[in-house]
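Read in order, the letters of the sequence shown correspond to residues 108 to 256 in the numbering used here. For glycine and all other residues, C-beta sits at the position ideal for the given N, C-alpha and C. The structure displayed is predicted, hence computed values, not measured ones. Before any comments, here is the structure.
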Amino acid sequence: MLSTLEQVAINLDSARALRAAGTPYRQIGRQLGLTSGQLGHIRRTLKREKAGLTRLRSTHGDVSMRELSVNRSALPIGLRHGLTASGYRTLGDLADRIADPDLPGFEAMPGIGPYRARLIKNLLDQFGLLAGSADLQAEIEALFPELRA
108 MLSTLEQVAI
118 NLDSARALRA
128 AGTPYRQIGR
138 QLGLTSGQLG
148 HIRRTLKREK
158 AGLTRLRSTH
168 GDVSMRELSV
178 NRSALPIGLR
188 HGLTASGYRT
198 LGDLADRIAD
208 PDLPGFEAMP
218 GIGPYRARLI
228 KNLLDQFGLL
238 AGSADLQAEI
248 EALFPELRA
């Protein structure tokens, strides 16, 4: 059985994909079987991400998800505040921390356990910022040519 926070993360990923396909929020709620409170949480989270990207693009032109502020990400609020207090301002900073073999993982930081570290890794993987995620896809496509896009 999944914990509540794990279910929220799964629903958010599914809703992000459906919203990118142009599905209205009401239909997303029906497809995923969400309550109105859960749907409101997903709507606010996706709007926060989009607003952060829009603000970046309006000031800096062409930017990637790497420059998105941690405060504008889909991470839970306590985790966002803890990461920014520790000096991590962008998703790129988080990706650099994970990619650095000399530094311990996020599990070593106070207040971040294995579950929260997994949330960070899943978010970075969702946007293709996790080191090696593109290589893994290439390896899978080499083994199974029918999966090539």
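Asked	Found
S176, buried or exposed, once every other Cβ within 10 Å from all chains shown has been counted against 16	buried
Beta-carbon proximity of L198 to R173, cut-off 7 Å	yes
Cβ-Cβ separation, L119 to T152 (assumed contact under 8 Å), whole Å	6 Å
Segment contact flag, the stretch 142 to 151 with the stretch 160 to 171, C-beta cutoff 8 Å, min 3 pairs	no
Three-state class that DSSP yields for S171 in the structure shown	coil
Bounding residues of the alpha helix (DSSP H) (the contiguous stretch that carries Y132)	Y132 to L139
Complete runs of the beta strand (DSSP E) confined to the stretch 203 to 228 [at least 3 residues]	none
CA-to-CA distance, A181 to E261, given in whole angstroms	In the structure displayed, the chain extends from 108 to 256; residue 261 sits before or after that span and is not available.
Helix, strand or coil at S180 [DSSP, three-state]	coil
Residue burial classification, Y195 (beta-carbon count within 10 angstroms, cutoff 16)	buried
Nearest-angstrom Cα separation, counted from D200 out to R126	27 Å
Three-state secondary structure assigned by DSSP to T161	helix
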